[in-house]
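Positions 85 to 743 (our numbering) are the ones given, in order, by the sequence shown.
The beta-carbon is built from N, C-alpha and C at its ideal position, and this holds for glycine as well.
Working notes, structure below.
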Amino acid sequence: MTRDQLTAWVVAWCLLKTASGGDGAVAHPLDPLSAEEIAAAVAVLRQSGDTDATTRFALIDLQEPDKPAVLAPPIGPPAMRQAFVVVRQHRTVYEATVDLSARNVTRWEPVPGVESGILGEEWEDAQRITIADPDWRAAMRRRGYDPATAEVFCAPLSAGYSADPFEENRRLLKATCFDAANTTNVWGRPIEGIYAIVDLDRREVVRIVDAGPVPVSREPSRLDAPPPDAAAPSASGESAAAHDFTLDGNAVRWKRWSFRYRMDPRSGLVLSLVRYQDRGHQRLVLYRGSLAEVFVPYMDPEPGWSFRTYLDVGEYGFGPLSLPLNPGTDCPVDAMFLGAVMADADGIPRVRNGVICLFERNTAAPLWRHAETANNTYSGRPAVELVMRTIPSVGNYDYIIDWVLTEAGAIRIDVGASGIDQVKGVGARGMADPSAAHDTAYGSLVAPNLVGVNHDHFLSFRLDVDIDGAANTLVRQRLQPQRLDGSSGRRSLWRLVEEPVEVEGPLKADMRDEAVLWRVENPNLANRLGQHPGYELRPEHSDISLLASDDWPQRRAAFSAAPLWITAYDPTELYAAGPYPNQSHGGDGLPAYVAQHRPVANADLVLWYTMGFHHVPRPEDWPVLPTMWHSVSLVPDGFFDRNPALDLPVDVAPADQSK
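Take a look at the structure:
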């Protein structure tokens, strides 16, 4: 059988399977691509003649159907299943759309002047290329390491952008290295003052930047404590425990909530069609929620650090970096563990077991309660939540991403930051050393010879909120102080002043210093009180970027300058820093989206919330960071006629008067 005949056979077999999602069931339009669909998309592309032996698959993902097609009543054939593919060949990025039903390529277009995200194989190649480079090996010898025998770990990092002519028109990684002998913490002993610039296309080190040797920390920093005594997820991914939720493919039902989920290779966990059943009606709240970008700039101007301004979602991708979860530590032992399928750079589908967990959680706090001394009664309900979790491990950092549903009708996103701080090797062992002031100018000593460098984390969440339908309005609610004449005995109070947001753009009111609430409402409907049904966006403390607007990292991650952005709905606008942030020059993503000045009042709108926090490392953050949590919620505001948790199972008892 020739290669063309084999390809044709694979196409026919895969497409026969893809019509049913690979298991006999008709795929929902928002279901993730199955292994058979991924294989079919690759086979169709290879048969088309557009790809060749140099083709590397940077992304194979679901091409989501138009929203009206998804929301239309299920009459007639299901919405078309398509794959969106990003390939890199001959140093050029191409985008393709594959119709999995018609068995053809409907779009094949070059995207000039951009770089795709970093492939896993490129990361591994850059390690090998660095360690084999003669100049690097000579630099290691000057530092007392024998390259032939030393245990050295090299971490190729995204290159960023700084308008350096030497780096223009190259696909680069910058490799920093660590002494990894006798430790499980490969990040704990940086070999400071040197890094290698690796050209991935030429497959060689094109420059060694060497500022001279710096003492290497000998501080122990092992992370190999015995793991918890818990059973691993089963092969099917499901635990045997009973749950108060049901799973049907990628559809989840819990109490009155329902939603669909999928693991996106770039954004990680995506929730869609989040609905609440209210008096027999399935009411839409969130059409689609996803992580749109993560920006992590470090605050040290030295050459080995100034480029460390990561855009993790676009440069690396949170899907493949979501690793199997450990029962008993990462998730409760009785959680349900779920898998995902994603393609590698060869276009081969890879099954990843146990990368998502789903569980109920009793918060050990009342959902609501009241004890009444007038009649000696008590009434209350325990707060139980549903949590869907993934934990991408992005190099040294781990991000715990939770999507949480509550019985009070709220949707919450919790993000826990853990892992290992990036540390800089310095000469100072303590603050009494002569070099300490210089060494800690941009960070804090966390151990002898180690400085935790100051840095930020900015996570952009794209929230396509559809409150009872797509036509919504964002209302800015200002708490306006009012001076009184004193006749009532009061001299001041505040009142609520509402103003709709008419045009897309950044909403730069500082959520910490200005008394502003944000409410999304459906202006075309009313509850029993005549109020428009809505949800309030309720953030916790969130920082914004302090970088100058003309600084290259800030240009590339301009979304971090505002806590909230609003855009008109466009299904192609998914990423806060644009579709190709790797080595980008800036101006992409949200700045380009809002430059269209589209109206957003009584329209299909999208909210982009920036969850930001500055991190000044502490000694207690070393050698591993205690998890720091940050949250944002969508809370019902006029969506229900009363507290939706009132009719939970009754628990009324006499108040305890023994105190």
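Asked: Burial state of N188 (16 or more Cβ within 10 Å); Found: exposed
Asked: Segment contact, 8 angstroms Cβ cut-off, at least three pairs: the stretch 255-273 with the stretch 482-497; Found: no
Asked: Check whether V378 and V478 have beta carbons under 9 angstroms apart; Found: yes
Asked: Cβ pair count under 8 angstroms reaching 3, the stretch 666-675 against the stretch 234-249; Found: yes
Asked: Nearest neighbour of D552, chosen from F724, G423, D731, A163 [CA to CA]; Found: F724
Asked: Beta carbon of F428 nearer than 9 angstroms to that of G204; Found: Going by the sequence as given, residue 428 is Asp instead of Phe. It is a contact, given that the beta carbons lie within the stated cut-off.
Asked: Range covered by the beta strand (DSSP E) that runs through G503; Found: 495-503
Asked: Test item: CB-CB of D482 and Y653 under 9 angstroms; Found: no
Asked: C-alpha gap between P274 and V507, whole angstroms; Found: 7 angstroms
Asked: Proximal residues to A687 (C-beta, below 7 angstroms), its chain only, five neighbours per side dropped; Found: A555, A652
Asked: Which of helix, strand or coil DSSP assigns to Y279; Found: strand
Asked: A645 classed as buried or exposed, judged by whether at least 16 other C-beta atoms fall within 10 angstroms; Found: buried
Asked: Closest Cα partner of L331 within the set A641, M420, F402, H699; Found: M420
Asked: Cutoff 6 angstroms; reference R622; Cβ partners in own chain excluding five residues on either side; Found: S717, V719
Asked: Three-state class that DSSP yields for I650 in the structure shown; Found: strand
Asked: Whether M472 touches S406 by CB criterion (9 angstroms); Found: no
Asked: Host alpha helix (DSSP H) of H522 (start-end); Found: 520-523
Asked: Check whether L257 and I504 have beta carbons under 9 angstroms apart; Found: no
Asked: Outcome for G696 when other beta-carbon atoms lying within 10 angstroms are tallied against a minimum of 16; Found: buried
Asked: Separation of N253 from M224, as counted between CA atoms; Found: 29 angstroms
Asked: Beta carbon of A729 nearer than 9 angstroms to that of G493; Found: yes
Asked: Reduced DSSP secondary structure (H/G/I, E/B, other) of R445; Found: strand
Asked: Rounded distance between the beta-carbons of D384 and G527, thought under 8 angstroms; Found: 7 angstroms
Asked: D721: first and last residue of the uninterrupted beta strand (DSSP E) it sits in; Found: 709-721
Asked: Simplified DSSP state of G388, which is helix, strand or coil; Found: helix
Asked: Exposed unless 16 or more other CB atoms sit within 10 angstroms - verdict on M712; Found: exposed
Asked: Sheet register partners of S528 (DSSP bridge); Found: G536
Asked: Cβ neighbours of W389 in the same chain (closer than 6 angstroms, five flanking residues each side left out); Found: Y382
Asked: Supposed close pair G423, I144 - CB separation, criterion 8 angstroms; Found: The Cβ separation is near 17 angstroms, so there is no contact.
Asked: For V678 and G333, the rounded distance between their alpha carbons; Found: 37 angstroms
Asked: Which residues DSSP lists as bridging V336, in chain order; Found: L331, F343
Asked: Inter-residue spacing [alpha-carbon to alpha-carbon] between A642 and T233; Found: 45 angstroms
Asked: Bridge-paired residues (DSSP) for L470; Found: E444, L489
Asked: Element boundaries [alpha helix (DSSP H), containing T214]; Found: 204-216
Asked: Cβ neighbour criterion (16 or more within 10 Å) applied to R603; Found: buried
Asked: Boundaries (first-last residue) of the alpha helix (DSSP H) holding K592; Found: It is not in any alpha helix (DSSP H) - K592 carries neither H nor E in the DSSP assignment.
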